[in-house]
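The block underneath contains the structure these notes are about, expressed in structure tokens.
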Amino acid sequence: MDKIKKGDLFSISGLENVRISIGGIVEEEKEWEPMGPHPMPRIATLRDWDFKLLNRYKPFYAPVCDMCCLCTYGKCDLTGNKKGACGIKMDAQQGRIVLLACLVGCSAHCGHGRHLLHDMIKKFGRDVPIDFGPEVDIEAPLTRLICGIKPRTIADFEQVFDYIEEQIVQLADALHTGQEGSYMDFESKSLHMGMLDSLNKEAADIIQIACYGMPSSLPGGGPDVPLVDVGIGTIDTDKPVIIVIGHNVPPAADIGDYLTENELEDKVELGGICCTSIDTTRVYKKAKIASALGRQLRVIRAGIADVIVIDEQCIRADVLELCQRVRSPMIATNDKAMHGLVDRTDDDPDKIVDDLVSGRVPGVIILEPDQVGEVAVRTALQMDKKRRLLKFILSDDEFKHYVNDCILCGGCTLACPNGLRIGEANQSAAAGNIKPLADLFDLCVGCGRCEQVCKKHIPIVDVMTKAAYPQLKEEKGRMRIGRGPIWDSEIREVGAPLVLGTIPGIIAPIGCGNYPNGTKDAWLIVKEFAERNYIVTLTGCMAIDCALWKDEEGKTLYEAHHGRFDAGGVLNIGSCVSNAHIHDAAIKVASIFAGRPLRGNYEEIADYILSRVGACGVAWGAMSQKAASIASGFNRLGVPAVVGPHSAKYRRAFLGRADLKEDWKLIDASDGSEVYVEPGPQHLLVACETVEEALPMIAKLCFRPSDTDRGRSGKLTHYIDLNLKYLNTYPPDWHLFVRTASDLPLATRNALLKKLEDEHGWEIDWKMKKIREGPIRGYDPSFNPTNLERLIREKK
Amino acid sequence: MDKIKKGDLFSISGLENVRISIGGIVEEEKEWEPMGPHPMPRIATLRDWDFKLLNRYKPFYAPVCDMCCLCTYGKCDLTGNKKGACGIKMDAQQGRIVLLACLVGCSAHCGHGRHLLHDMIKKFGRDVPIDFGPEVDIEAPLTRLICGIKPRTIADFEQVFDYIEEQIVQLADALHTGQEGSYMDFESKSLHMGMLDSLNKEAADIIQIACYGMPSSLPGGGPDVPLVDVGIGTIDTDKPVIIVIGHNVPPAADIGDYLTENELEDKVELGGICCTSIDTTRVYKKAKIASALGRQLRVIRAGIADVIVIDEQCIRADVLELCQRVRSPMIATNDKAMHGLVDRTDDDPDKIVDDLVSGRVPGVIILEPDQVGEVAVRTALQMDKKRRLLKFILSDDEFKHYVNDCILCGGCTLACPNGLRIGEANQSAAAGNIKPLADLFDLCVGCGRCEQVCKKHIPIVDVMTKAAYPQLKEEKGRMRIGRGPIWDSEIREVGAPLVLGTIPGIIAPIGCGNYPNGTKDAWLIVKEFAERNYIVTLTGCMAIDCALWKDEEGKTLYEAHHGRFDAGGVLNIGSCVSNAHIHDAAIKVASIFAGRPLRGNYEEIADYILSRVGACGVAWGAMSQKAASIASGFNRLGVPAVVGPHSAKYRRAFLGRADLKEDWKLIDASDGSEVYVEPGPQHLLVACETVEEALPMIAKLCFRPSDTDRGRSGKLTHYIDLNLKYLNTYPPDWHLFVRTASDLPLATRNALLKKLEDEHGWEIDWKMKKIREGPIRGYDPSFNPTNLERLIREKK
Amino acid sequence: MGMEIPFDVANIPGPEMGEVVSPEVIGSYISNAERPLLVVGSEILRDKFFIEIAIEIGKKGIPIAATGHSIRGFVDTEYADNVMYYNLHDLTNCLRDPNWKGLDGKGNYDFVIFFGILYYYASQMLSCIKNFATDPLIRAVSIDRYYHPNARMSFSNFTPRMEEEYKAMLNRLVKSIRGRQK
Amino acid sequence: MGMEIPFDVANIPGPEMGEVVSPEVIGSYISNAERPLLVVGSEILRDKFFIEIAIEIGKKGIPIAATGHSIRGFVDTEYADNVMYYNLHDLTNCLRDPNWKGLDGKGNYDFVIFFGILYYYASQMLSCIKNFATDPLIRAVSIDRYYHPNARMSFSNFTPRMEEEYKAMLNRLVKSIRGRQK
Ligand code: SF4
Ligand code: SF4
Ligand code: SF4
Ligand code: SF4
Ligand code: SF4
Ligand code: SF4
Ligand code: SF4
Ligand code: SF4
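Residue numbers (this note's numbering), protein chains in the order written: chain C, 590 to 1385; chain H, 590 to 1385; chain E, 745 to 926; chain Z, 745 to 926.
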């Protein structure tokens, strides 16, 4: 096998004139697992499963716009579910827009993954093995599940991306004017897109882990990953500072390499924003995380960067203009975001550095990651000297001038996505109290819309930053670096408690920072569930933002909690692409704990997860198109998600109807009987208005029909308790989740039984402490819930 | 070579445990042509070329909406080139929306092509040869040009689609919030997308020509293709009628096969709408073309179809509802457009037919094309009997009732994309004069928006159809079936006259039917240029619509003109995907006539075409996203396009500035000297308000710097003449195109020289009949224009 | 079309935008509605006054769906009559279903008043109702200090300086609602 | 925000929508403009009256760009003073460039009047001017029988029955324009 590799060319006698290229070397497949029913599913393959989900969790639409402007028959007015000129109705149009968002999100991950794979093959060769150490046997659960492939080397992911790309284009085709007419089919396509996206993410993260030796189950990985600094305050601005922004780590990795090779690790700060920063800490020990997306504008404007290196995604579109304003030269490293600059790939580094330092050009493009390190570092070293005397934080006088200038016209408030009352805060500041203004700093998502409309040309963002500067300088948190895959051995430990419900759930706060109320919400969500012994798995901006806050003892949540995939753990899985490992954990529960076949068997595994794995995603600040496709990927796999109120602007939710009995019919796979169950999980995708509402909702979405009574009583405890704590009252629906007395927490069982009797008219056998009548169904420990007829073992 | 094929598995001794699959068999490449500089270009590869185009033809933006609603940071107000929350400015946002449109358009063609390839490989095997007969040697100019591949069998297109799909996803990635910030880079990406789309189309059409033996240069093909019936009036409703709609021909082909095999060809009518109909006539002799897209709603509502078969693209999204209204059962055959129906692929045809005929289901999905024929035909045969007595055209009484009911509220007019004054026409009809209403029939684009807002619930479309019924029944045209590739031998004939300018140009009316003023415009455009000895090459809806009108002798344009690729020809190239052959013709001029290297050499060929091949696309009714990507594909290759006024809603144009001398600097490749030239072609993409304006504009965009004086004088003749004919005046800029007296048409030379002297202050040597001073440049027959420095042969 | 600027300036949904009306107009609609419903959100907690307004409306016989964590306000005030926690997404999803049984099992509502809900979340839910709860028609209005184009009727924007005027509007509203049998 | 329905009902561009004004308001703006330009389109050909209106405006010293095939109307009327064919796309593209030299080589315009242009094409060009011709500001207005939200100022929609009213408006407009040196 050493001699023949994919991509090889060899000749066969008699065919000298022909070169034969090896497309793929397929090892005997029986070796690991027989192929399941749905390898490499196409659009229609899993449509039945989707329709099952969609009939229970009916797509709910809230248009952001009543018009459609996608073709020149339009604009069309679709208000009131009217049809456009092409015949599309408002509901289908909303499904179409959701598919569009998922398309863009999924393409971002796929585009990134494919790009990464090209670069990694170029740098490390095709044969980098996929081997995550002794604790991870199932290296790529989603790849096995969806593609039916067991990747051995990174090159094996070529066929994965081939598959994804083909499917993405097929789905994009469906967006064309005059194609799909049914919102149900649009949603099935969005779910397909979401599934592809989950696969993207797994591929991308596995490739980078394999190539860069990022933490896995090798020593120092998993629960034992080290902590890194987080926060603007942790960047030592006395040194030259390089800030990397985006999602694609190779250029940053090259900077790290260059610093190491040139013994500059302690002389130059390498900090990052967004997912690239998380991944940089996985490859370069001294890297720091300046901030998540929400602070990007302000970090750049604060002028701390002596050079800014962007790659792709989650970069402000005006980054070049921002950089110029604070004289930070910019290096663009990716063809998706070239910002009109000149491509200097392969040019002489001396010349490039000179052009950047002299200010002859505001930035350059270098598309070869391995050419970025030298240019970035040398530029930073020189710029540091030049920029040392520049000040970008407002002086006290300037600040005073600006806040006094404000005429309270309210224009900024109308422009602000969060409706922040800046005028009033300015007024307070003018009167000597800067606290209201400083308090806005964390509520602000750093978008800059306010400044553009201010008739008094007040640089509002700078004014806010100035007011918050003392606290900003102290923004110093700690975070675990991204650990990557959950270990098979961990799954073996927690599989049973999770399915039985005794670990109440996996809570996965992921994604962006478009919070309604600042980063502290992220912290509170993690804290509440970690302290209740849920497993909390984070990725992306939420993983960063929750690290900014500390408890009374000065500890961040990462410091206060262990990093094991076990009760009470607070795990940073990694960047956005790493959240595939959360899917993977759920899949591995089905596979390792329950022994379900994995290969090409998506439907069965999703059915298993929906019915039995009490996991809930939380995308409190979800903002991007990626978040749309990520959520759709979780949803198709049977994992619900709670999102913040801005997410109502995604237009679509998946909401179950607890009041419709027919919607909650499951099959007992043991005998084929139909069972009406409690609404668990009640929703697949739902927004909450405030974090106080979200906390009990998250707990609620961890109920599963398979819960044992012990598990259910634990989940009920948290559900009721979180309601009492944050809503001051019992939830109106807690009784729906009671099947039997032993479902009730022991400590409060009597009181709860009494409530069931009094408030819900249930019949209680007080002698036996049993419920005689009331519940939707009784508790049957042998209940084997499924939505799939084909899984019925024996028809009764 | 017979024994080993791509996809084959074989074993090698010692490696018994391993199966090796053949990925591709690469024949020695030297065989045909050395590889050029840019095979399989990626996003950044041709960016320099794009920037050259974009600096001359600066992107012009006209937002349809001042807001952005693409992520949940929004909606953002971008009015006045403000930035959104992500930092994107209005101009870049418009570029982004254009890229999005091109993405959807390109994906539609790619999705279709890939889907077709799967089906064709399944049906015909991988080895169907690409062989278009003796007159076509360069079988796939775009594939050679862009990919550097010479496809031998249809399976070779797998790598073409692999490449396109990867690039599409890379480009889709760039749409994500927080990526590209420069409108120039968005446009470069749109041009890349457009180029990919041209490749898509070539691949798709070549595959279907190869598999179905559609016309090519084999006997009966090319200029000799037969004529078919076009128009609602040609469908014999006394027979069972099957109507196919969409773009993917295999299901329709299967219907044709079934009819032939069962000797039902004369018993059942197979008609089509949109491109599927064009392609159906290429595979089944008795097929008819019911209409282009603009009549789709009305054809369905007329109730003539006993069964409707849809595949993908350009199908009304409410098709199922429309079918139900007239009790036409529907068969969906493509996973991109499933309309919420149940997938019955592989189900028993008896059962399906029975369910459809009984009305138990309104429609079914059958995803295997080869299962469609039987079901469609048998259903039509049975439905014909059931539907025979149904009437869907309004009775006289109903008509009277409705037109009387109209209260002239004007709601319909405000809803109508063309602002048609329906109320007034109703009023006339109520007063006894139905002509105004009947006249609206052709102006109407058949969108149905008016009906939905009518407070009196007048079925406006039916009312209009009733009024126009007499003329509608007489809508009987004739069209050549799509001929596919232009022959190499034809190119050899016309290469010189085209480049020298003595054939004044190739006019390519293509695309949709969103005309401002009805289908007759399409006819006029073709007529005007064909009669002036331009070569007129049509595809898609314009090819259909122009066939609806006849001259005084009752001849359609296809009947009045020959079908050769030569002066005065009126060619139906085929469906939308066939318009790749128009690119191909231009490329072949560069390759065959001028001997430019083709392989992987896009930039040079595009440069050649821009400077020398007087071709102009006309998309008078461009409506869809495909039209956006098609136009971008033409533009990147150096072919300008004139579009109708609705196309201003595409948001972007590429407009040159005749008044800016610097924009028109070319290089003389012979010696490297810089030459300021006349603005030819002045625009790459421009909308005209009326057909009267468009006709001279199209002529104008055929000027090329390489024109010989004889060629130029011919082009000038037509340009001036069309201006005089349609605008009653000389064009204000005709003098810009005069380099020397011999550029002026002989017949009017003196008068024109006089005008130059009087009106433009030129100095004329009246004795020598020469121009002494005035022109932008003199005429230099040896001028070798290029935009590419690297093509300079010898620097002076 | 409305004449007010949406509180989120780009929140322009299209041709149908809510009217700015007086409290009395809304009051009279509420009074004449068959089955009105008051939907409150967490912003009512910012001042006891707003909870009291909600309760006063409730006391006129109008059921209350308390969304977000607004239910706290009622619990703390010990008002429990005809008020029930509901997630706003969930509630709106029910509202768009003509067959929904309502909070009391007696059927869906015909007039819905949004009060104290985060602007953009409320706006989206109003959009859902406007576009999809059309048969039978549910009229949804806002009595917040924001102009809500997706509502059928709405107040205009109030700045913090106009808090007293806003409160006066609410008082006028309460006064103009006819009490009904609960 | 405007109070009129766009002639194409879904043509709602966003927060900035043109005002509906009287002919005299536009007339006074034209009179006070530094460099006004009248842009006419093919719809002026539907009635001799409109060509005459354009010519009357032209005679007040305002240059005319004749787009579409409207130039026919001037040629046929033998009016050739300061009128020039221009493609509308091309013209708008020039207008958005502050350095454009104008029809007379003397520079760009500050006030542009659209008249007789196909509704949706005009609307798009007005959108370009509104969004991009901001520095220095070009004000573009419409004097067509349509409400044009992308124009700064516009008339409201006229139905065919109101043709006479519309013509009267145009007469009032002409009267209100102060003549100027050509
Ligand atoms: S869909 Fe978005 S871009 Fe289109 S009109 Fe509505 S707000 Fe504007
Ligand atoms: S895609 Fe359909 S709804 Fe949208 S603008 Fe085009 S015709 Fe109208
Ligand atoms: S930068 Fe902050 S305060 Fe300004 S509009 Fe954006 S979120 Fe509001
Ligand atoms: S827009 Fe400017 S002046 Fe107006 S309230 Fe805001 S900060 Fe003050
Ligand atoms: S979490 Fe969201 S905002 Fe943050 S880096 Fe990832 S995609 Fe961007
Ligand atoms: S993509 Fe940018 S401009 Fe569009 S809504 Fe999001 S933040 Fe606003
Ligand atoms: S169907 Fe015809 S008349 Fe009716 S709105 Fe559409 S284009 Fe206008
Ligand atoms: S909307 Fe109906 S009633 Fe009103 S003018 Fe049109 S056809 Fe007549």
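Each residue gets a CB set at the ideal place from its N, CA and C atoms; glycine is no exception.
Looking only at H:1349, H:1375, H:1036, the smallest Cα-Cα distance to residue 1363 (chain H) is reached by H:1349.
Exclusion of residue 689 (chain C) from the 8 Å shell around ligand 6 follows from its C-beta lying no nearer than that to any non-hydrogen atom of the ligand. The continuous beta strand (DSSP E) containing residue 1124 (chain C) extends over residues 1124 to 1128. With a 10 Å radius around the Cβ and a threshold of 16 neighbouring Cβ atoms, residue 831 (chain Z) comes out buried. When rounded, the separation of the alpha-carbon atoms in residue 1213 (chain H) and residue 694 (chain H) is 7 Å.
Beta bridge pairing from DSSP links residue 1375 (chain H) with H:1256. Rounded to whole angstroms, residue 1160 (chain C) and residue 751 (chain C) show a C-alpha spacing of 32 Å. With respect to chain C, the C-beta atom of residue 636 (chain H) has a partner C-beta closer than 9 Å.
In this structure, the C-beta of residue 1038 (chain C) approaches ligand 3 to less than 8 Å from one of its heavy atoms.
One thing to note: residue 1202 (chain C) has its Cβ within 9 Å of the Cβ of residue 1095 (chain C). Relative to the non-hydrogen atoms of ligand 2, the Cβ of residue 673 (chain C) comes within a distance shorter than 8 Å of at least one. Here DSSP, grouped into helix, strand and coil, assigns residue 944 (chain H) to helix.
Contact annotation: in the region 878 to 899 of chain Z, no residue has its CB less than 8 Å from a CB in chain E. For the pair residue 879 (chain C) and residue 1187 (chain C), the Cα-to-Cα distance works out to about 40 Å.
Two segments are said to touch when three or more pairs of C-beta atoms, one from each, lie closer than 8 Å; by this definition the region 814 to 824 of chain C touches the region 879 to 894 of chain C. For residue 752 (chain E), a Cβ of chain H is located within less than 9 Å of the residue's own Cβ.
Separation of residue 959 (chain C) and residue 1163 (chain C) (C-alpha to C-alpha, rounded to the nearest whole angstrom) is 23 Å.
Between residue 660 (chain C) and residue 1175 (chain H), the C-beta spacing is not below 9 Å. According to the DSSP assignment, residue 650 (chain H) belongs to no alpha helix (DSSP H) but to the beta strand (DSSP E) extending over 647 to 650. In this structure, residue 870 (chain Z) keeps its C-beta atom at 9 Å or more from the C-beta atom of residue 812 (chain Z). Around the beta carbon of residue 1304 (chain C), 16 or more other beta carbons sit within 10 angstroms, so the residue counts as buried. The CB of residue 656 (chain C) comes closer than 7 Å to the CB of 754, 756 in chain Z, given here in chain order.
Taking a 10 Å sphere around the C-beta of residue 767 (chain Z), we find 16 or more other C-beta atoms and assign the residue as buried.
Comparing alpha-carbon positions, the option among C:1319, C:1330, C:1256, C:1313 lying closest to residue 1294 (chain C) turns out to be C:1256. The Cβ neighbour count for residue 1355 (chain H), taken over all protein chains shown within 10 Å, is under 16; the residue is labelled exposed.
Closest in C-alpha terms to residue 725 (chain H), from the list H:1010, H:1143, H:1223, H:1072, comes H:1072.
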